[in-house]
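Read in order, the letters of the sequence shown correspond to residues -4 to 184 in this note's numbering. Working notes, beginning with the structure itself.
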Amino acid sequence: MASPRLAIVVYSLTGNNLVLAQHLGGRLGADVLEVRDVRRRTQWSVALDLMFKRQAAIRPLDLDPASYDEILFMAPLWDMHVAMPMAAAMRALKGNIIRYGFVSLCGYDRPGQQAHVEAELTDLLGVRPVHVSQLFVGTLYPPQDRNKVWLISSRRIRAGELGRFSREIEAIAGWFSAPADRQGSTPTA
Ligand SMILES: Cc1cc2nc3c(=O)[nH]c(=O)nc-3n(C[C@H](O)[C@H](O)[C@H](O)COP(=O)(O)O)c2cc1C
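Pasting the structure below:
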């Protein structure tokens, strides 16, 4: 039986999620597609967009969801939200995605963050995610530094450092090799 076709759709501002997406894409034999901003974005403009609840303008994404059995979305979290450019891509795909997972190489665990993200994904795509995983850059720091938001948010992860997340990466790879049911998730709207 042929392996399920997987696409990884990634948004990354400072490179962390892109490095992880390229690694997983190679390992899982997935196509990797990038969501791109129309305008140049900085961490400061992210903070302003969050403050004023502005949506992101993105370039058209060349993805035909019908060509894949499953989509893995990957993006940073900003103030507990899926990064706005990825949220924009998801809004455009709503109604066309049956089965998907979401991974974020994000900063630090915040109370309620996982549930908040799962609810937001369900709202954006109209269907619950099958898998959600957060990998925390903060775990590379000693406990007393893990609440230093700007220190952690400025940390760039290089491909050679991904071994520090090997446990989480193995778990994600396992999602796609396990004989999981391929029925898809339940539409919510
Ligand atoms: C304005 C801002 C807000 C952030 N808020 C969160 C957050 O709420 N939770 C979290 O885990 N990480 C948060 N982060 C950290 C990013 O998710 C993290 O730096 C991520 O690895 C960046 O991914 P990228 O390099 O792919 O853009 C925030 C970063 C910025 C710049």
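All C-beta atoms in this analysis are idealised placements derived from N, C-alpha and C, irrespective of residue type, glycine included.
Integer Cβ distance of residue i from residue j, believed to fall under 8 Å
i: Val27; j: Ile66; result: Actually they are not in contact, since the Cβ atoms of Val27 and Ile66 sit about 11 Å apart, beyond 8 Å.
i: Asn12; j: Leu100; result: 5 Å
i: Ile53; j: Val77; result: Going by Cβ atoms, the distance from Ile53 to Val77 rounds to 13 Å, so no, they are not a contact pair.
i: Asp118; j: Met79; result: With 8 Å as the limit, Asp118 and Met79 do not qualify as a contact, their Cβ atoms being about 14 Å apart.
i: Leu56; j: Val30; result: 6 Å
i: Arg105; j: Met75; result: 6 Å
i: Ala154; j: His18; result: 6 Å
i: Pro124; j: Gly96; result: 6 Å
i: Val14; j: Leu157; result: 7 Å
i: Gln38; j: Ser148; result: 7 Å
Outcome for residue i when other beta-carbon atoms lying within 10 angstroms are tallied against a minimum of 16
i: Pro138; result: exposed
i: Gly169; result: exposed
i: Gly21; result: exposed
i: Phe171; result: buried
i: Phe212; result: The structure shown has nothing for residue 212, since the chain only spans -4 to 184.
i: Leu8; result: buried
i: Gly133; result: buried
Decide yes or no for the touch test of the stretch 111 to 127 against the stretch 142 to 156: beta carbon pairs closer than 8 Å, at least 3 of them. no
At 3 residues or longer, and completely inside the stretch 16 to 99: list those beta strand (DSSP E) runs for me, N to C. 26 to 29, 65 to 69
Scan the stretch 99 to 148 and note each continuous beta strand (DSSP E) run of 3 residues or more that stays entirely inside, going in chain order. 126 to 131
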